[in-house]
Amino acid sequence: MTSSASDYDYELYLDFRKSEGDPSRVFHAMGGMIDALNNLDRDLGKLISPYYEPQIILENIYTGSLRAKLGEILREIPDDALKDFELKKILGHFLLKTKYLIVKWCEAKEAIDDMDDIKELESQIEEAAESTNVKRIPAYSSINRKDLLNHIKRIQNAMSPLEEFDSIEYRSVVGDARFNGQLAISSQVISDWLTKEVHTTQGPRILKVKKPDYLGKSKWAFRYNGHAIEAKISDIPWLVDFQSGNISVNPGDSIRAELKEDIAFGYEGEIVHVWYDVLEVYEVIPGMRAIQGGFFDSKG
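Using full-length UniProt numbering, you'd call the opening residue of the sequence shown number 1 and step up by one each time.
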């Protein structure tokens, strides 16, 4: 007998500011998050049984803020694996709780600077395995720390299309938690644990400015290829001129610049992370407001 999807329902609730930003971002983010959580479920299932294959189904989409109600179908497991307890029910509850624990743990974190930072989350998942009786399954094994970090990074990547005023929540009977798009995973951790190889590309690019750095202590926020990115400005003479007030750059303006992209690929060929570095700024391209303002000023 196939388990009912309603036993394992959860919702992804994406709150966004209407009429602002690229409208496609909400659909890219929602689709990416569904894929990221589905990959997480599949890897968690492999810890328990080679026969276990979760399949996410979309039950409904609600208007207003984008809200997707999702359920899980747990495919048939051979009878000899069931033994004296309801394996499907146990697995479904374990997955629901583990997803919540990961999102909740990340919500409270500001950064992952070392692999040992994940120990606390590992302990929480082990406690969930105990409380849901998953540990009663002879084949059960703990999740690999590297795999856990990889899933956290995939969740972070799924949020990259969103603007700073957008948010996504995970909602279920286990609890609600907000995905933390500001969680920083150190470059060293990404390089040491998640990266198989790095490819570098470089060339002139147009970057739309979202948030300049007026103090020189952080990266600039840009819009590039339909995504929000952060980039280091290595053109020091230009940066000094900007911070001295000799060059004017406002949110909504763009720059034409020499951009270096270091693309880290994981062990399955996926893009794990991209580092952006502005090597030289060629020109500032005023945004539409600046152009329109100048036009009307000149007419006055």
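Every residue, glycine too, gets a C-beta built ideally from N, C-alpha and C.
Distance from the CA of residue 28 to the CA of residue 172, rounded to the nearest whole angstrom, comes to 22 Å.
When C-beta atoms of the segment 208-226 are compared with those of the segment 187-198, fewer than three pairs fall below 8 Å, so the two segments do not count as touching. Proximity to residue 124 across 99, 136, 43 peaks at 99, based on C-alpha coordinates. Residue 208 and residue 131 have their C-alpha atoms some 49 Å from each other. With three or more CB-CB distances shorter than 8 Å, the segment 278-290 counts as touching the segment 252-261. Exclusion of the five residues before and after residue 58 leaves 68, 70 as the residues of its chain whose Cβ lies within less than 7 Å of its Cβ. Assigned with DSSP and collapsed to three states, residue 62 falls in strand. For residue 141, there is no enclosing alpha helix (DSSP H), since its DSSP letter is neither H nor E. Relative to the Cα of residue 137, the nearest Cα in the group 244, 91, 213 belongs to 91. In this structure, DSSP gives residue 113 a state outside helix and strand, which the three-state scheme calls coil. Short of 6 Å from the beta carbon of residue 161, and not among the five residues preceding or following it, lie these beta carbons of its own chain, in chain order: 25, 28, 29, 227.
Pairwise C-beta distances place the segment 263-272 out of contact with the segment 235-242, as fewer than three of them are shorter than 8 Å. Per DSSP, residue 107 lies in no beta strand (DSSP E); the unbroken alpha helix (DSSP H) holding it starts and ends at 87-107. Between residue 110 and residue 13 the beta-carbon gap is near 23 Å, outside 8 Å, which marks them as no contact.
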